[in-house]
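Undergrad: Protein chains in written order, with our numbering: chain A, 8 to 363; chain B, 8 to 363; chain C, 8 to 363; chain D, 8 to 363.
4 protein chains.
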Amino acid sequence: MSMGPEPINLFDFEAAARERLPKVEYDYIAGGATDEISVERNRRAYESWALRPRVLHDVSALDLSTTVLGTKVSLPVLIAPCGGHQKAHPEGEFATYRAATTCGTVFAVSANAGADFEELAKAASGRRWLQLYPFRDKEMTKDWLRRAKDAGYEAVCLTLDSQWPSKRERNIRNGYRNLRGVNFPKAGGDAARGRPGAHPGGGDPAATWKDLEWIKSSTALPVVAKGIMTGEDAELCAQAGADAVIVSNHGGRHLDNTLATIEVLAEAVAAAKGKTEIYLDGGIRRGADVVKAIALGAKAVFIGRPLFWGLAVGGEQGVVRVLNILREEIELTMAKCGRPTIASIDATVVVKAPRL
Amino acid sequence: MSMGPEPINLFDFEAAARERLPKVEYDYIAGGATDEISVERNRRAYESWALRPRVLHDVSALDLSTTVLGTKVSLPVLIAPCGGHQKAHPEGEFATYRAATTCGTVFAVSANAGADFEELAKAASGRRWLQLYPFRDKEMTKDWLRRAKDAGYEAVCLTLDSQWPSKRERNIRNGYRNLRGVNFPKAGGDAARGRPGAHPGGGDPAATWKDLEWIKSSTALPVVAKGIMTGEDAELCAQAGADAVIVSNHGGRHLDNTLATIEVLAEAVAAAKGKTEIYLDGGIRRGADVVKAIALGAKAVFIGRPLFWGLAVGGEQGVVRVLNILREEIELTMAKCGRPTIASIDATVVVKAPRL
Amino acid sequence: MSMGPEPINLFDFEAAARERLPKVEYDYIAGGATDEISVERNRRAYESWALRPRVLHDVSALDLSTTVLGTKVSLPVLIAPCGGHQKAHPEGEFATYRAATTCGTVFAVSANAGADFEELAKAASGRRWLQLYPFRDKEMTKDWLRRAKDAGYEAVCLTLDSQWPSKRERNIRNGYRNLRGVNFPKAGGDAARGRPGAHPGGGDPAATWKDLEWIKSSTALPVVAKGIMTGEDAELCAQAGADAVIVSNHGGRHLDNTLATIEVLAEAVAAAKGKTEIYLDGGIRRGADVVKAIALGAKAVFIGRPLFWGLAVGGEQGVVRVLNILREEIELTMAKCGRPTIASIDATVVVKAPRL
Amino acid sequence: MSMGPEPINLFDFEAAARERLPKVEYDYIAGGATDEISVERNRRAYESWALRPRVLHDVSALDLSTTVLGTKVSLPVLIAPCGGHQKAHPEGEFATYRAATTCGTVFAVSANAGADFEELAKAASGRRWLQLYPFRDKEMTKDWLRRAKDAGYEAVCLTLDSQWPSKRERNIRNGYRNLRGVNFPKAGGDAARGRPGAHPGGGDPAATWKDLEWIKSSTALPVVAKGIMTGEDAELCAQAGADAVIVSNHGGRHLDNTLATIEVLAEAVAAAKGKTEIYLDGGIRRGADVVKAIALGAKAVFIGRPLFWGLAVGGEQGVVRVLNILREEIELTMAKCGRPTIASIDATVVVKAPRL
């Protein structure tokens, strides 16, 4: 990884990525729906909770490991499914997957990945999930589910918030045309909906809860439902058999004017009544954000944009560094709050911080 | 419609209109009373409610149509009564009316229109309402009511917040003298109150609820009361026989320092107890705003300033484009919130969003 | 009054005065204690209450007159006691008094006036009050009380918040040395406490409630207690026999970090239990502010800084214009809220406006 | 003390110090952990409470003295333990100690002081405390406790929030390497943890409440526990035998994203149930801040950064001036609130000030 002054936090990575990437690609990564209110809110909302430092706990041996879907990760930060890693670095998803493996975490491969997901599976040994949408094409879905299992993907992540194209104004103004994921058939099907500013892949607008039930019944793999922003839907996911739920507004990239994900986390956790694990993505930039999310009930969190910044700045090693910075900041936060393990991070770690 | 980069949202239309219009006209359209606090608040208050995305509803066939006063419109966005469309485009109200007809919505013609309302009625086939004030001159009022009915106006809209001149400081500083509406008699009467910065037309300062009752009893047309900002007045409108109420602070152009219209909507809806339909205007710029207003109880909304921006940028086609942009954004919002019809937009679509 | 573009509101007067006055004098007028938080809060706090427009009340004949201490004023805006009017205009207090007389309101003459208060009394016929402090020198106090009555002052206003010098950093930095009021003896007494940044006149630091009782018992004139910011002190004023209370933080010029006066008004009104009239000063710049203060329980309000701006811009006529602008804005606000008289302005005119 | 325009408040001292100090030293003093949110919040939170002025109390004889640990100080402002005073002035801790003695307050000497604490003790006669950490090296601890007592230190201050290194990004970017305190052994032990951006001294990450109990039992000196931010820990300190607690987030220099110290003060006071004295540090810049902290339950407050500004600007006399400015501002605030003694400052002096 050759670069200028060493980035010491994720904002440094963002700034360095902005310098290295073509504007249209940077904008694609940074941008969100319409006025980008949710993009900003996702980030700022973490400031609504303050940490409560605690003293005189033995924090000489910190353990950041936890489990997701019953299996260990070395830190509670996973890689969110995002399309087109090759936009940020020529090695694309291969670099990311090796980095995730190095860091002992899960890589969720996007339906819109720039790499063949079966080839990718051979590139490293770490935990891998495959993301898909509730496609209109049921045969393709069954095919993907079967191939995912065969290729050693240990879960499928079903993105539920993309059944209608979004309005991303940076992309429209830039004339940005998203590349079609290589895993899709060459023509027809859902992928044909591509247009400037819209994902070429995406869900069937007619999909209903029966589709989730059908997918769950069509595979032996655990199903992770992504894109939930209400208690009602978290409960419905649990009822439909989802093994986990990702509280997500797609990084503010689909519907604007939502609450931040950290703001609806507690509602989702309460509604799920422990029947599914609850994860969160959106605006995670500091170890403190991760600890706050866990304190409010998340089992783990995902990062999206910081992954691209890491790739843009240093490829595989850039992603490793991004994850390691978060790891160090999580350690610091746990130590200062007197919490030596992830399990010891409970609701008393945080308190609402009134806006001053 | 020939212009530079295609406007992709209503803020683009505003910016383009600003470039095209003389400053004094742009200021007349943009400005409000005294410190323009209400102008800004009307807009910003929409951010106080967040949308709640819902997933896995079949949104493959969206229907944006609804009814106002019992008759269908193709989308819940109507054209507010505003004077002097010719200031923004030579075809003035004729262009607007044809656009409204194309888009399947209601055009409320202002008492201060630059076009003869009887001639205008012949220019297109869409739904049209005629706005008037509680004039001092009862004979003129009866005459207008009769002519409105004869000319196929299907309702009268009675503006109630203009019984005293406003203080619009941009207009005063610009020496702006509002044109007298062509529908008024050439001299005398209410119209003579014109002075720099004030509407030449306006209501009788001595008007009372009896005047509303009298107008209601003087016409077979439905009466829409415009300019209500309290539950008390919404209830009084219902008691006086109004068929509908427009929650409005006149776009912040009459009394400054009010709440935003979206903030008082629920109070008006509760007070009207379903006896009248409740509409809203003020600060609508995004489809999300429309959906929020409907979720909080509005039957439909009106746009004012964006109409002028559309006219300034592209005449009739500009207004069509403004309405179509709103239509697309409403569709997106409904789809992402899992609401295929206007009737399915209920209070669970929104939640208060604390200021961060 | 010769000037550039005609000021149309009090902020215009402020800007014009800033151009005309030497910086040290402008700063003296504009400045406040330490960080000037209270100066700004006095002003901004009015935005915390919104006006509630009402329609279809007969507002064709507005009456802005009310009474203070039982006697009529033509509008509920009085002139606060402020020292040194000659700093803003050579005619000083004489100009102000003639303006107040023209406008039918009360002029409260400061203990630190630049004019002999007995001479001043002969310059016009309007209502006049004399302000003083709880001086250390009891004989001087008795002398002033007697002379005030003889000179036709109809009340004394006792300023209670100035028993300790303030820290006005603009004055300290400017090396500003306040002039000694001409009504004080030439040497010694309280006036000798003068130093850069401090009032040369001021109250006795040892004064207690007994001093207020003693002053009340030493004169037949009504006593108005100025500088109250708590319910406790409003109640104590009533018990000590004050005829009226001015809720005031001295325009943020004595103790910083207080609430705004409009924020504590209701507390003072409640505590006084109707035993004294309650007035308010601080940050009044718009007619809407006056109406809000009355809605929240003030009998009338005072202006301070705008008086100097009026003097600086146009002497006597400038002050008249300042008062007339407020009058027109109060009229507009009353009309738009459906309140034809001051007595009809009640608590339903306002509602708390959450910060957006 | 030779300098430009005389500083009239602590912000002036800050600005002057910024001009005089090398950037890396200024940054070391000014900076905080990661995003410096807590640094800013410590300061801004004082604005969340307003002062309530009271009138007609005899404030002619103000007494600012109070006691800490049962012994008198002439004002309720103490000098916080901070390492390396020689960075701001060649006389370092010697200058500070003489200034504290002159002003009649306590000087808490840092474990990371640039001066030998036994030599320092001979330099003046004022009250002195010695700060240390719960060191890993118990023998060194016993040695320090013995030597502190022998050298006339009247209390030990145990810093509890530094058991894990902080992340101070200004220091990392500046390549700042903190000097090792001269009181530490030349090699090994805790001091060896030094690295860019981290304190060379600090606490044992394995320390627990037993260590506090052990220290308490190992010395006859009173023990002051510093770095408490929760009611739980305040209560645990009391149970472990601490004689006093300093509510502190280390000036925002250790864990970011906490509440301000003034925000958690009441929680700590309530939890301590009067068993220990409660002090506070963090963001004190004005006399009003001191009065607010006392009103909310603090027995006294500490200053940290302003001490360095005073040293940088004028050495010993600079520190005296900083303390005297605070003294004058405390006097003014007490007088304006009608509180002649520290004991008379109770909770009715303050009220929550909603953000406007």
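Every residue, glycine too, gets a C-beta built ideally from N, C-alpha and C.
At 7 Å on the CB atoms, spell out the chain A contacts of W316/D, in chain order.
TA: Going along chain A, no residue has its Cβ under 7 Å from W316/D, so there is no contact; the nearest lies around 24 Å.
Undergrad: Which partner residues does E5/B have in the DSSP bridge list?
TA: Because chain B in this structure spans residues 8 to 363, residue 5/B falls outside the shown range and cannot be described.
Undergrad: Could you tell me which chain B residues have their CB closer than 9 Å to the CB of N256/A, listed as they occur along the chain?
TA: P60
Undergrad: Do A122/D and R105/D come within 9 Å of each other at the CB atom, strictly closer than that value?
TA: no
Undergrad: Exposed or buried, what is G159/C when buried is set at 16 or more other beta-carbons lying within 10 Å of its beta-carbon?
TA: exposed
Undergrad: Would you call the region 250-257 of chain B and the region 97-113 of chain C in contact, with 3 or more CB pairs under 8 Å?
TA: With a cut-off of 8 Å on Cβ pairs, the region 250-257 of chain B is not in contact with the region 97-113 of chain C, counting fewer than three such pairs.
Undergrad: Considering only C-alpha positions, which residue in the set H261/A, E125/A, E13/A is nearest to L137/A?
TA: Looking from the CA of L137/A, the closest CA among H261/A, E125/A, E13/A belongs to E125/A.
Undergrad: Could you tell me if A198/A is buried or exposed, where buried requires 16 or more neighbouring beta carbons within 10 angstroms of its beta carbon?
TA: Reliability fails at A198/A, whose pLDDT of 44 lies under 50, so the model's placement of it is uncertain and no value is given.
Undergrad: Using only the alpha-carbon positions, how far apart do K343/D and V163/C sit?
TA: 22 Å
Undergrad: Is the Cβ of K129/A closer than 9 Å to any Cβ of chain B?
TA: For K129/A, the answer is no, since every Cβ of chain B falls outside 9 Å of its Cβ.
Undergrad: Only counting runs of 4 or more residues, tell me where the alpha helix (DSSP H) segments fall wholly within the region 43-116 of chain C, in order along the chain.
TA: DSSP runs (the alpha helix (DSSP H)) wholly in the region 43-116 of chain C: 44-51, 99-110.
Undergrad: Closest Cβ-Cβ distance between S351/C and chain B: below 9 Å?
TA: no
Undergrad: Is there a C-beta anywhere in chain D that falls below 9 Å from the one on I337/C?
TA: Contact of I337/C with chain D is not assigned, every C-beta pair being separated by 9 Å or more.
Undergrad: In whole angstroms, what separates the C-alpha of Y53/B from that of R346/C?
TA: 30 Å
Undergrad: Can you tell me whether T226/A is helix, strand or coil according to DSSP?
TA: coil
Undergrad: Straight-line CA distance for G290/A to I269/D?
TA: G290/A and I269/D: Cα-Cα distance of roughly 29 Å.
Undergrad: Do the region 271-290 of chain C and the region 231-242 of chain C make contact, defined as three or more Cβ pairs closer than 8 Å?
TA: yes
Undergrad: Which whole-angstrom value is the C-beta distance of L85/D and A115/D, which I expect to be below 8 Å?
TA: 7 Å
Undergrad: Leaving out the 5 sequence neighbours to the left and right, which residues in its chain are closer than 6 Å to L287/A when beta-carbon positions are compared?
TA: V254, T268, L272, A300, A305, V308
Undergrad: Please report the distance separating the alpha-carbon of L71/B from that of E335/B.
TA: Distance between the alpha carbons of L71/B and E335/B is about 10 Å.
Undergrad: Are there 16 or more other CB atoms within 10 angstroms of the CB of K359/B, so buried, or fewer, so exposed?
TA: By the neighbour-count rule (16 or more Cβ atoms within 10 Å), K359/B is not buried but exposed.
Undergrad: So, does the region 81-99 of chain C touch the region 310-325 of chain C, judging by three or more C-beta pairs under 8 Å?
TA: yes
Undergrad: At a CB-CB cut-off below 7 Å, which residues of chain D make contact with E47/A?
TA: Neighbours of E47/A on chain D: none; closest Cβ ~16 Å, over 7 Å.
Undergrad: Which one of K217/B, I349/B, N256/B has the shortest CA to CA distance from A302/B?
TA: I349/B
Undergrad: Which class does F315/C belong to by DSSP, given the choice of helix, strand or coil?
TA: helix
Undergrad: Considering only DSSP beta bridges, list what A232/A is partnered with.
TA: Answer is L165/A, V252/A, bridged to A232/A.
Undergrad: Among N331/D, L339/D, R180/D, which residue has its Cα nearest to the Cα of V62/D?
TA: Of the candidates N331/D, L339/D, R180/D, the one whose C-alpha sits nearest the C-alpha of V62/D is L339/D.
Undergrad: Taking G258/B and N49/B to be in contact with their CB atoms under 8 Å, please state how far apart those CB atoms are, rounded to whole angstroms.
TA: At roughly 7 Å, the Cβ-Cβ gap stays under 8 Å, so G258/B and N49/B are in contact.
Undergrad: Alpha helix (DSSP H) containing Q246/B: first to last residue?
TA: 238-246
Undergrad: Check each residue of the region 230-248 of chain C: if its Cβ is closer than 9 Å to any Cβ of chain D, include it; give the result in chain order.
TA: Of all residues in the region 230-248 of chain C, A232, G234, I235, M236, T237, E239, D240, L243, C244, A247 have a Cβ within less than 9 Å of some Cβ in chain D.
Undergrad: Measuring only the C-alpha atoms, how far is L167/C from Y140/C?
TA: 7 Å
Undergrad: According to DSSP, is I15/D helix, strand or coil?
TA: coil
Undergrad: Does the Cβ of K79/C have 16 or more other Cβ atoms within 10 Å, making it buried, or fewer, making it exposed?
TA: exposed
Undergrad: Note down, in chain order, every chain A residue with its Cβ under 8 Å from the Cβ of E54/B.
TA: I44, N264
Undergrad: What residue range does the alpha helix (DSSP H) around A277/D cover?
TA: 268-279
Undergrad: Quick one, are the C-beta atoms of R175/C and Y35/C less than 9 Å apart?
TA: yes
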